[in-house]
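So for the sequence shown, the working numbering puts the first residue at 3; every next one is plus one.
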Amino acid sequence: MLQMSPEPPGTSFETAAARPPQDEGSFRSLEHPMSDSLSATADAELVGIAPEERTAAWPAVFALSMGVFALVSAEFLPASVLTSIAADLSISVGAAGQTVTVTSLVGVAAAIFTPILTSRFDRRLVLWSLLSLLALSSLVTALANGFAMLLAARFLLGLALGGFWSMAPALTLRLVPAQSVPRALALISAGVSAAFIGGGPLGAYLDSLIGWRMVFGLSAGLAGVALLALLATMPPLPPQTAPRLGTLGILLARPSIRLMLISVLVIISGQFTGFTYIRPFLEHAPQLGVTAITVVLLGYGLGNVVGNFAGGAVAGRGVKLAIVSFALAIGVLALVMLQFGASPIVAGIAVALWGFAFGFAPVGFQTWMVRVAADHAESASGLV
Numbered sequence: 003m004l005q006m007s008p009e010p011p012g013t014s015f016e017t018a019a020a021r022p023p024q025d026e027g028s029f030r031s032l033e034h035p036m037s038d039s040l041s042a043t044a045d046a047e048l049v050g051i052a053p054e055e056r057t058a059a060w061p062a063v064f065a066l067s068m069g070v071f072a073l074v075s076a077e078f079l080p081a082s083v084l085t086s087i088a089a090d091l092s093i094s095v096g097a098a099g100q101t102v103t104v105t106s107l108v109g110v111a112a113a114i115f116t117p118i119l120t121s122r123f124d125r126r127l128v129l130w131s132l133l134s135l136l137a138l139s140s141l142v143t144a145l146a147n148g149f150a151m152l153l154a155a156r157f158l159l160g161l162a163l164g165g166f167w168s169m170a171p172a173l174t175l176r177l178v179p180a181q182s183v184p185r186a187l188a189l190i191s192a193g194v195s196a197a198f199i200g201g202g203p204l205g206a207y208l209d210s211l212i213g214w215r216m217v218f219g220l221s222a223g224l225a226g227v228a229l230l231a232l233l234a235t236m237p238p239l240p241p242q243t244a245p246r247l248g249t250l251g252i253l254l255a256r257p258s259i260r261l262m263l264i265s266v267l268v269i270i271s272g273q274f275t276g277f278t279y280i281r282p283f284l285e286h287a288p289q290l291g292v293t294a295i296t297v298v299l300l301g302y303g304l305g306n307v308v309g310n311f312a313g314g315a316v317a318g319r320g321v322k323l324a325i326v327s328f329a330l331a332i333g334v335l336a337l338v339m340l341q342f343g344a345s346p347i348v349a350g351i352a353v354a355l356w357g358f359a360f361g362f363a364p365v366g367f368q369t370w371m372v373r374v375a376a377d378h379a380e381s382a383s384g385l386v
């Protein structure tokens, strides 16, 4: 799953929302022309940004950020407690790592189809249901007595993660006036950043104190707190223009979106394949203890936040430049770790730089998506 990021100049939703309605010809000047019906209504339907006069629902935006923090923390917890899970359930580290794969695959499908299958329901009801599913997933994980039960729990997490993430950014734009959109998206991004900085390191540290099962129990409690916050603050969000399978067809017909999806599939798959096994690597190559691993994972999270902002500057010069830069950097860093990772210093620096490089991913892919699919933000968010 990709985090929301501050957008480079010229690509903000605020700028898009502030444009006066344009005629069909002006939409045809976009890189990929849209159908007549889409062109006639694109500005009016642009992700339902709140009118200028509407009071910003900042408590609800903050609650959404809490939900994102809970989801991303749960997603990456296995990476910080993987060896403990494997030992307790008497499975290999490789098998335990497949729980992350299951979550990712289910999350992709859920991100695409949740907005479509729930299009008739108030969006806040959908968000409440998805956070309830997250709490259930973490609770089942904590109680898992075997590999099958663990996989089932992570399957549920994939449903919650993909569904929530496909809707949260677009719904955020309905909670604040257009001029407040960048700040609202930055607050959502802060939830992801907090999960990277605190979720992984804290999970590894608490694992050594209370065990991985209690760590996931705390994750369930965190999901419950986020759910209560949403219940208390989220205003009614009736569905607007319903996403349809036909909308996905329209998006996939655009060559730039197909190229983007291939890039996401290849690059992000490589990222998660490597990062899932970061704790076993740090335990065996440089032979780090729990405290040192916690510090290294904290370095990854801090590097990711810095890279998030640096990626915005690079994407301002060229989206593809940002994407190619971080993909090559991660590949080089992986080779460095394989060759020189026995050194604790090299391993620690490489992991921090890895986090920095991956910080380029959200702003790069999201800017690309905004440029080619601003007219179908909720559906396109699911694709990315």
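Where a beta carbon is used, it is the ideal one built from N, C-alpha and C, also for glycine.
Restricted to the region 254 to 309, not a single beta strand (DSSP E) segment is unbroken, complete and at least 3 residues in length. For the alpha helix (DSSP H) assignment, the uninterrupted runs of no fewer than 4 residues enclosed by the region 160 to 228 are, from N- to C-terminal side, 183 to 196 and 202 to 212. Rounded to whole angstroms, S182 and A58 show a C-alpha spacing of 8 Å. Within the same chain, S67, V70 and F71 come within 6 Å of G193 by CB-CB distance, once the 5 residues on both sides are set aside. Our two residues, A113 and G160, have alpha carbons roughly 9 Å apart in a direct line. Within the model, the alpha-carbon separation for A315 versus V326 is close to 14 Å.
Take L189, set aside five residues on each side of it, and the residues of its chain with a beta-carbon closer than 6 Å to its own are V63 and S67, in chain order.
Within the model, the alpha-carbon separation for G109 versus H286 is close to 31 Å. For the pair G361 and G291, the CB atoms are not nearer than the 8 Å cut-off. Take A65, set aside five residues on each side of it, and the residues of its chain with a beta-carbon closer than 6 Å to its own are A231, L232 and T235, in chain order. Taking the Cβ atoms as the reference, L177 lies roughly 7 Å from A186, within the contact range of under 8 Å. The three-state reading of DSSP puts I114 in helix, counting H, G and I together.
Spanning the alpha carbons of A155 and V74 requires a straight line of approximately 15 Å. With respect to the 8 Å criterion, L138 and T101 are not classified as neighbours on the basis of their beta carbons. With fewer than 16 other Cβ atoms from the protein chains shown falling within 10 Å of its own Cβ, G248 counts as exposed.
The continuous alpha helix (DSSP H) containing F360 extends over residues P346 to F360. In the DSSP annotation of this structure, the continuous segment of the alpha helix (DSSP H) that includes A76 starts and ends at W60 to L91. M216 counts as exposed, since fewer than 16 other C-beta atoms from the protein chains shown sit within 10 angstroms of its C-beta.
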